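> First residue of the sequence shown: 1, per the UniProt record's numbering; consecutive thereafter. I have a structure here, written as structure tokens, and I will follow up with some questions on it.
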Amino acid sequence: MNKAAWLRIPAILGLICCLTGCWDRTEINDMAFILTTAVDLEKDGRIRFSVLVPLPGQMGGASGGGGGTSGEKSYYIDSETGATIREAQSKLQQRMSRRMFLAHRRTLLVGEELAKTGIRYIYDSTPRTPENRMTTYLIVTKGKAYELLQATPKFERFPAEAYRELVKSRTAITMNMKDIGVSLSAPGSDPVAPYMELTESQKSEKPSKEIEMAGYAMFKEDKMAGTLEGAAADGLAWLKNKTINTAISVKLAEDINVTTRVFDSQTNIKAKVAGGKPHFTIQVVCKSKILEVTKPFDLSQTENVVMVEQQISEHIKKAMQATIKEMQNNESDAAMLGGYLWRAYPAQWEQNFAKDWPAGLKDAQFQLHVSNALTEPGDIYNNVTQEEGSS
């Protein structure tokens, strides 16, 4: 055998090694794809870890329709307790014939009681497993997180889809685990998280347990300190320079109500220190459109348009004031106002404010300015049901 033939042998052996296949492969039939998990604090101090897993056999094929078979649920819920999340997960795995796979997890539900004790350790257990994603949405639940898994939303096959779609909708501030983690580590800021609850559907032939976005959970460092609901929840969006799809109703007269929607907004916040106290000037510039007027109202007249604009501006201003009041009462900088102070005066921040923040919010002065332009009044002043020639 010549020299050239001998040189080919190592190359051939090397190519053969590339044909051995994947030595650590896992068959898809051996995996349980977790769509959502829930963690709760039990009365004895142990952690309850719950999972929601789809059942392929109950989901139906191409001819089976989308709702499973024989009216059965197309998912399975189970839970276990342990001293830590990982211990509870390990105990749960011992009675599951498939390996739990978390890469497809969309939401992580945290019970209210657990959130009050702190969520920082969740950020220890999550990144230690590479398949966990920081784009998962962390949601705080009113009551037990396990109970929210029992929801029966009519529009989605899995409750996990309903959680995710509510967080992603334009009616709420979208934030994931990464965003909350950044807020935990950034100077002069405290995290907020979506706050959800179960609610019964109203006036339905077949009542269902629906999921409702109740507002936001506020944190002081990593411990839940309170909630922002109603107008205070809307005010947070403007303070954080986020445009959300929310309806604003204002009363123009005793029998005239107008519903509008802000579809574009820009918030500018400036911080300064005067007399040893922080001062914040908050300027909101927004555009709005008319959705409904209860009685004929001539919006072709400039003075009427100005009246609506002023009412909307006042509503937004009051919403931000409600948010600031809740932040001060709960000592939580949910709007990350301390970050503006830190960037403007880093030396004074470290020397005078960092140690006691956000308690310093109680001494802060606020100037709120809102400028609203009604750019889409519509032709509703000439109602189609109004008789021709009438005014």
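Positions of the beta carbon are idealized from the N, C-alpha and C atoms, including for glycine. Here the structure is a predicted model, which is why all the values come from computation and not from measurement.
Assuming residue 188 contacts residue 333 (C-beta within less than 8 Å), just tell me the rounded distance between them.
Taking the sequence shown and counting its residues from 1, the one referred to as residue 188 is at position 188. Taking the sequence shown and counting its residues from 1, the one referred to as residue 333 is at position 333. Residue 188 to residue 333, Cβ: 6 Å. Contact.
> Bridge partners of residue 278, per DSSP?
Working through the sequence shown from its first residue, we reach residue 278 at position 278. The partner list for residue 278 (beta bridge, DSSP) reads 273.
> Return the Cβ separation of residue 261 and residue 240 in integer angstroms, given the expectation that the two are a contact with Cβ distance under 8 Å.
Locating residue 261 in the sequence shown gives position 261, where the first residue counts as 1. Locating residue 240 in the sequence shown gives position 240, where the first residue counts as 1. Rounded, the Cβ-Cβ distance is 19 Å, inconsistent with contact.
> Could you name the residues of the same chain whose beta carbon sits closer than 7 Å to that of residue 32, not counting the 5 residues immediately before and after it, in chain order?
What you label residue 32 is simply residue 32 of the sequence shown in a count that begins at 1. Answer for residue 32: 53, 96, 98, 99, 100 and 101, listed in chain order.
> For a test of the three-state rule: what should DSSP assign to residue 187, helix, strand or coil?
Start at 1 with the first residue of the sequence shown, and residue 187 comes out as number 187. It is coil, neither helix nor strand.
> Distance check for residue 155 and residue 161, CA to CA, integer angstroms please.
Locating residue 161 in the sequence shown gives position 161, counting from the first residue. Locating residue 155 in the sequence shown gives position 155, counting from the first residue. C-alpha separation (whole angstroms): 9 Å.
> Can you find the residues in the same chain that come closer than 7 Å, C-beta to C-beta, to residue 107, ignoring five residues on each side of it along the sequence?
Mapped onto the sequence shown, residue 107 falls at position 107. So the list reads 36, 136, 137, 139, 160, 163 and 164, once near-sequence residues are dropped.
> Counting along the chain, where does the beta strand (DSSP E) carrying residue 144 start and finish?
Residue 144 sits at position 144 when you count from the first residue of the sequence shown. Counting along the chain, residue 144 falls outside any beta strand (DSSP E), and DSSP gives it neither H nor E.
> Would a C-beta distance cut-off of 8 Å place residue 320 and residue 368 closer than the cut-off?
The sequence position of residue 320 within the sequence shown is 320, counting from 1. The sequence position of residue 368 within the sequence shown is 368, counting from 1. Against a cut-off of 8 Å, the Cβ pair of residue 368 and residue 320 comes out as a contact.
> If the criterion is Cβ atoms closer than 8 Å, does the pair residue 39 and residue 92 meet it?
Position 39 of the sequence shown, counted from the first residue, corresponds to residue 39. Position 92 of the sequence shown, counted from the first residue, corresponds to residue 92. No; because the gap between Cβ atoms is not below 8 Å, this pair is not in contact.
> Look at the Cβ atom of residue 217, then the Cβ atom of residue 250, and state whether they are nearer than 8 Å.
Counting from 1 along the sequence shown, the entry for residue 217 is found at position 217. Counting from 1 along the sequence shown, the entry for residue 250 is found at position 250. No, they are not a contact pair.
> Pick from 274, 226, 357 and 366: whose alpha carbon is nearest that of residue 280?
The residue you call residue 280 lines up with position 280 of the sequence shown. Ranking the options by Cα distance to residue 280, first place goes to 366.
> Under 8 Å, with one C-beta from each stretch per pair, do the stretch 302 to 311 and the stretch 265 to 280 reach the 3-pair mark?
Output reads no: the stretch 265 to 280 does not touch the stretch 302 to 311.
> Considering only the alpha carbon of each residue, which of 287, 114, 125 and 122 lies closest to residue 141?
Taking the first residue of the sequence shown as 1, we reach residue 141 at position 141. The residue with the shortest Cα to Cα distance from residue 141 is 114.
> Count the other CB atoms, across all protein chains shown, that sit within 10 Å of the CB of residue 17; report buried if there are 16 or more and exposed otherwise.
Here the question's residue 17 lines up with position 17 in the sequence shown. Exposed, because fewer than 16 other Cβ atoms sit within 10 Å of the Cβ of residue 17.
> Just grab the DSSP bridge partners of residue 317 for me.
Numbered from 1 along the sequence shown, position 317 holds the residue referred to as residue 317. Per DSSP, none; premise fails for residue 317.
> Rounded to whole angstroms, what's the CA-CA distance from residue 339 to residue 255? Just pull it up for me.
Position 339 of the sequence shown holds residue 339. Position 255 of the sequence shown holds residue 255. About 44 Å.
> In terms of residue numbering, what span does the beta strand (DSSP E) encompassing residue 113 cover?
For this step, residue 113 is matched to residue 113 along the sequence shown. Run containing residue 113: none in the beta strand (DSSP E); it sits in the alpha helix (DSSP H), 112 to 117.
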